[in-house]
Amino acid sequence: MDMKTISLRKATIKDRALAVDFDYNLDKVEHVELKRAEKITKAILGEECFIILADNSAVGFVIFDYRFFDLGWIELIIVEEEHRGKGIGGQAIDLICQQSKTNKVFTSTNSSNIQMQKALGKVGFSFAGKVNGLDEGDPELFYFKTTDNRKTKN
Ligand SMILES: CC(C)(COP(=O)(O)OP(=O)(O)OC[C@H]1O[C@@H](n2cnc3c(N)ncnc32)[C@H](O)[C@@H]1OP(=O)(O)O)[C@@H](O)C(=O)NCCC(=O)NCCS
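Each residue of the sequence shown is one higher than the one before, starting from 1 at the first, in this note's numbering.
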């Protein structure tokens, strides 16, 4: 197995093209229809976007905020296709949880997204519930993880 060191670095506006590209390559239609470039730009300006580094090279990004009931919330995570399935996503999720200011971190994914569900399970997330009606025929599954972060960060 590949033993690269995974770390996160807060994205700056210079990373905009890179993050937009990762998202564009994931789903070109959704990228345009859902105005994802705008969403990514806002996240960068709001200091909510983090570049995932494997050793020193950028392999993806995470958008993390507190908009879900004021709790840590992973809005989006993308690992470039050629780097998936090597534990990078799981480690990046773990790192983002470590820097959360809240004791609980939530996220959600489609029922069809087995890769994300597996990555979450590996780093200690538990199933929180299912919401129908968002994507037709592909319910949204919510997950959460309890961290002890607040003990040390007030
Ligand atoms: C979801 C995502 C971030 C996970 O990142 P990753 O680096 O692949 O994650 P990991 O390697 O830590 O874990 C993925 C797990 O899924 C498994 N997996 C991969 N493809 C799979 C498939 N088609 N069916 C079943 N399991 C699969 C991997 O083997 C791995 O599990 P394992 O370590 O037990 O073998 C990444 O796949 C991705 O960017 N997907 C596209 C964007 C997306 O869907 N984001 C999530 C929604 S916000």
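Cβ atoms here follow ideal geometry from the backbone N, Cα and C, with glycine treated the same way.
- Counting the other CB atoms within 10 Å of its CB gives residue 116 a total of 16 or more, which places it among the buried residues.
- In this structure, the C-beta of residue 119 approaches ligand 1 to less than 7 Å from one of its heavy atoms.
- In this structure, residue 123 and residue 93 form a Cβ contact; the two beta carbons are roughly 5 Å apart against a cut-off of 8 Å.
- Taking 7 Å as the cut-off, one finds no heavy atom of ligand 1 near enough to the beta carbon of residue 20.
- In terms of CA proximity to residue 96, 48 leads the group 55, 132, 59 and 48.
- Fully contained in the segment 21-76 are the following alpha helix (DSSP H) runs of length 4 or more, in chain order: 28-33 and 36-45.
- When DSSP assignments are scanned along the segment 80-139, the uninterrupted stretches of beta strand (DSSP E) that are 3 or more residues long and fall wholly within it turn out to be 104-110 and 126-131.
- Sorting 18, 129, 130 and 109 by C-alpha distance to the C-alpha of residue 53 places 18 at the top.
- According to the DSSP assignment, residue 10 belongs to the beta strand (DSSP E) that extends over 6-10.
- In this structure residue 91 is in contact with residue 6, their Cβ atoms being roughly 4 Å apart against a cut-off of 8 Å.
- Taking non-hydrogen atoms of ligand 1 into account, the C-beta of residue 14 is found less than 7 Å away from none of them.
- Scanning its chain for C-beta atoms nearer than 8 Å, with the 5 sequence neighbours on each side dropped, one finds around residue 135 the residues 110, in chain order.
- Distances taken from the Cβ of residue 32 to the heavy atoms of ligand 1 include none shorter than 7 Å.
- An exposed status is given to residue 12, since fewer than 16 other beta-carbon atoms sit within 10 Å of its beta-carbon.
- Pairing residue 26 with residue 148, the inter-Cα distance amounts to about 33 Å.
- Rounded to whole angstroms, residue 30 and residue 138 show a C-alpha spacing of 16 Å.
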